[in-house]
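Accompanying notes for the structure given below.
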Amino acid sequence: MIGLAPALCSVTFRQLPPGEIVALARQASLAAIEWGGDVHVPAGDVVMARHVRRITEEAGLLPASYGSYLYPPDHGLDDFRHVLDTCHALGAGNVRIWPGRRERPSAAYDTKERSEAADLIHAMGELGRAAGISISLEYHPNSLTDETGSAASLMDEIAHDNVHLYWQPRPGLPLDEAREEIARIGPRVSHVHVFAWDGARRRYALADRATWWSAVFAALPESRFEGVRYAMLEFVRDDAPEAFLADAATLRRLLDRRAPASA
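In my numbering, the protein residues as written are 1185 to 1447.
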């Protein structure tokens, strides 16, 4: 098994303020939080970003990443510069962006449109490298990474070593297909979003999918990403803190990490 540290995506608890999310992550003995840009740390709000960084670090946690809602080419380089400013204030060394126009599947793009998105993401990768911040593309339905072949081709077109991929399963993805996906794109994967959903998007305890995730983590190859790699819990049953705490304990066991002793 490759080394992954346990983390939380703040979008799991959009209904909670940052302070309560930090407290939950600390109680769960996680290492870091990916802070979302839709609710908790809006792009350009450096005052909030500094506040969230402070309370995160005071709790002994790290800002794993900034989960932006940037959709190149719907958003351009000026928008990206605001995101980079937010990353700096947050202390995040990685930013997640969404490849392609919002809610548009990869099959709907022609060659010219794909090239436009790839060229813009390449330019973002260059700006990010100059700022010391890596770029990771969300791996998600209705985007240019909604299918493994499209994701691999897009990365070839982007052709920038500061641009990486996230990975997460499509709801209900069979294990054999998951292994095929990560065998193909795993060396380009920075972080992993972890959840337990079936094909109907019903949520389960992570323990109910522990065997599935254990096999996935075991199959995930080494990556060219040079930073700390995180397995980030994203969404839990009933959006309940109690479900999160149980899932976090399962995740730590899956990653073969011993939880720190209580303070």
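Idealized CB from N, CA, C, for every residue including glycine. Nothing here was measured: the structure is a model prediction, and the numbers come from that model.
- In this structure, the beta-carbon distance from residue 1222 to residue 1195 falls below 8 Å.
- Residues of the same chain with a CB within less than 7 Å of the CB of residue 1234, apart from the 5 flanking positions on each side, are 1273 in chain order.
- Per DSSP, the beta bridge partners of residue 1247 are 1217.
- Looking at the backbone, the Cα of residue 1327 and that of residue 1429 are separated by about 31 Å.
- Across the set 1224, 1374, 1209 and 1407, the C-alpha of 1224 shows the shortest separation from the C-alpha of residue 1199.
- Contact between the stretch 1240-1254 and the stretch 1293-1300 is not established, with fewer than three Cβ pairs separated by less than 8 Å.
- When 1391, 1243 and 1293 are compared, the shortest CA-CA separation from residue 1202 is found for 1243.
- For residue 1207, there is no enclosing beta strand (DSSP E); the enclosing alpha helix (DSSP H) has its first and last residue at 1202-1211.
- For residue 1414, the beta-bridge partners assigned by DSSP are 1189.
- By the Cβ test, the stretch 1323-1340 is in contact with the stretch 1357-1370, since at least three Cβ pairs between them sit closer than 8 Å.
- Counting only the Cα atoms, residue 1385 lies some 31 Å from residue 1277.
- Contact between residue 1432 and residue 1212 holds: CB atoms are separated by about 4 Å, below the 8 Å threshold.
- For residue 1299, the enclosing alpha helix (DSSP H) has its first and last residue at 1295-1315.
- Taking the Cα positions, residue 1319 is about 14 Å away from residue 1260.
- Within the same chain, Cβ atoms closer than 7 Å to the Cβ of residue 1359 are found at 1396 and 1399, the five residues on either side in sequence being excluded.
- Boundaries of the beta strand (DSSP E) around residue 1320: 1318-1321.
- Where residue 1280 is concerned, the enclosing beta strand (DSSP E) starts and stops at 1278-1281.
- A Cβ-Cβ contact shorter than 8 Å links residue 1188 with residue 1401.
- Straight across, the Cα-Cα distance linking residue 1392 with residue 1380 is about 8 Å.
- Boundaries for residue 1375: no alpha helix (DSSP H) harbours it, while the beta strand (DSSP E) harbouring it runs 1373-1378, taken from the DSSP string.
- When only Cα atoms are considered, residue 1313 and residue 1215 end up about 24 Å apart.
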